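A.B. asks:
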Ligand SMILES: NC(=O)c1ccc[n+]([C@@H]2O[C@H](COP(=O)([O-])OP(=O)(O)OC[C@H]3O[C@@H](n4cnc5c(N)ncnc54)[C@H](OP(=O)(O)O)[C@@H]3O)[C@@H](O)[C@H]2O)c1
């Protein structure tokens, strides 16, 4: 019998790597990202912890690389879990890059992996609580639908408002929020598209978490803590556990929803 494979994009660091450590030891773990050295360090850590683990580089914003990754994973065994944690934050990239990596990358991952996945498997797409700050009227479903049919027009429409903002960080912040709003919408869409095949799809939205990315965004994102019930940043381990729980087969009835793991900061904005 084929061994089960858990693929983790962005698995070389942060909450992706933390999630790997909560997966059952019987599964093969495949970590991926753009930086080989980082992935190799993660594989060593996982092997020392008793996992059979592999690394393969992939830029998830390039469909052909995602296709190669999915084919490689399918050769290792039966793809049972895809945890898509790869992403960039506002301080890391310009608006177009953020949309290409966070939004279109999610399209490529879900589409290419679902071709190999069978009943009882799961995709967890990592979004962000920033998505909840984007007003509903900006999350235009007609625009989002274009991601499957006309990528250039999708990017043009999503970039219209961010491009109007003079402040670079605010412009990237809006593009980031939109890209993550898209992730929630797209995961829900895929839950229905793939549901009949028995592939479960969810998204999970972290709040401010003390990873490399979170620490980089801590100054701007720190204001989120004011409305949180937990007055601190989340830890990668807390998020790793939450992600692994959503990906667990025993959570088989959790589908098409976003799981908000943000210490209460989003609900806190409206609660008082
Ligand atoms: N930390 C937070 O406060 C926070 C809050 C809300 C949401 N999130 C989301 O949580 C996810 C995980 O982030 P993290 O906090 O764990 O940060 P992290 O440690 O920086 O992890 C992100 C990973 O994504 C990989 N990556 C970036 N661009 C990629 C690309 N084009 N193709 C493949 N891999 C790529 C990075 O590796 P390479 O650079 O080597 O490719 C990195 O290992 C992200 O999607 C992020 O947006 C984080």
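In our numbering, the protein residues as written are 40 to 311. The beta-carbon is built from N, C-alpha and C at its ideal position, and this holds for glycine as well. What you are looking at is a predicted structure, and each value in this text was computed from that prediction instead of being measured.
(1) Determine whether the beta carbon atoms of residue 286 and residue 120 lie at a separation below 8 angstroms.
(2) Can you give the beta carbon distance from residue 157 to residue 117, rounded, assuming they're within the 8 angstroms contact cut?
(3) Using only alpha-carbon positions, find the residue among 207, 229, 107 that is nearest to residue 187.
(4) According to DSSP, is residue 206 helix, strand or coil?
(5) Identify which residue in 208, 301, 245, 107 has its Cα closest to the Cα of residue 94.
(6) Alpha carbon to alpha carbon, how far is residue 283 from residue 291?
(7) Please tell me whether, using a cut-off of 7 angstroms, the distance from the CB of residue 121 to the nearest non-hydrogen atom of ligand 1 is below it.
(8) Can you give me the start and stop residues for the beta strand (DSSP E) that residue 120 sits inside?
(9) Ends of the beta strand (DSSP E) at residue 173?
(10) Cβ atoms of residue 259 and residue 194: under 8 angstroms apart, would you say?
(11) How far does the alpha helix (DSSP H) with residue 288 in it extend, from its first residue to its last?
(12) Run the proximity test for residue 307: is its beta-carbon closer than 7 angstroms to any non-hydrogen atom belonging to ligand 1?
(13) Taking 7 angstroms as the cut-off, is the beta-carbon of residue 256 closer than that to any non-hydrogen atom of ligand 1?
(14) Across the region 131-151 and the region 49-67, are there enough close Cβ pairs to call them in contact, namely three or more that are closer than 8 angstroms?
(15) Please report the residue range of the beta strand (DSSP E) in which residue 250 lies.
(16) Is residue 294 helix, strand or coil by DSSP?
(17) Are the CB atoms of residue 210 and residue 142 nearer to each other than 8 angstroms?
(18) Apply the 10 Å Cβ neighbour rule to residue 271 and answer buried if 16 or more other Cβ atoms are within range, or exposed otherwise.
(19) How would you call residue 252, buried or exposed, if buried means at least 16 neighbouring beta carbons within 10 angstroms?
(20) Whose CA, out of 98, 99, 82, 97, lies closest to the CA of residue 91?
(21) Less than 7 angstroms separating the Cβ of residue 73 from some heavy atom of ligand 1?
(22) Which residues share a DSSP beta bridge with residue 184?
C.D. replies: This is what the structure gives:
(1) Yes.
(2) Going by Cβ atoms, the distance from residue 157 to residue 117 rounds to 7 angstroms, so yes, they are a contact pair.
(3) Among 207, 229, 107, the Cα nearest to that of residue 187 belongs to 229.
(4) Here residue 206 carries a coil assignment [DSSP, helix/strand/coil].
(5) Taking only the C-alpha atoms, the option nearest residue 94 is 107.
(6) Distance between the alpha carbons of residue 283 and residue 291 is about 13 angstroms.
(7) No; taking the cut-off as 7 angstroms, the Cβ of residue 121 has no heavy atom of ligand 1 nearer than that.
(8) Counting along the chain, residue 120 sits inside the beta strand (DSSP E) bounded by residues 117-123.
(9) Under the DSSP assignment, residue 173 falls outside any beta strand (DSSP E); it carries neither an H nor an E label.
(10) No Cβ-Cβ contact shorter than 8 angstroms links residue 194 with residue 259.
(11) Under the DSSP assignment, residue 288 falls outside any alpha helix (DSSP H); it carries neither an H nor an E label.
(12) Residue 307 Cβ: outside cutoff for every heavy atom of ligand 1.
(13) Yes, the beta carbon of residue 256 sits closer than 7 angstroms to at least one heavy atom of ligand 1.
(14) Too few Cβ pairs lie closer than 8 angstroms, so no.
(15) Premise fails: residue 250 is in no beta strand (DSSP E) and is neither H nor E.
(16) DSSP, read as helix, strand or coil, puts residue 294 in coil.
(17) 8 angstroms or more divides the Cβ of residue 210 from the Cβ of residue 142.
(18) By the 10 Å Cβ count, residue 271 comes out exposed.
(19) Buried is the call here.
(20) Checking every option, the nearest Cα to that of residue 91 belongs to 82.
(21) Because some heavy atom of ligand 1 lies under 7 angstroms away, the Cβ of residue 73 counts as near it: yes.
(22) Answer is none; residue 184 lacks a bridge partner.
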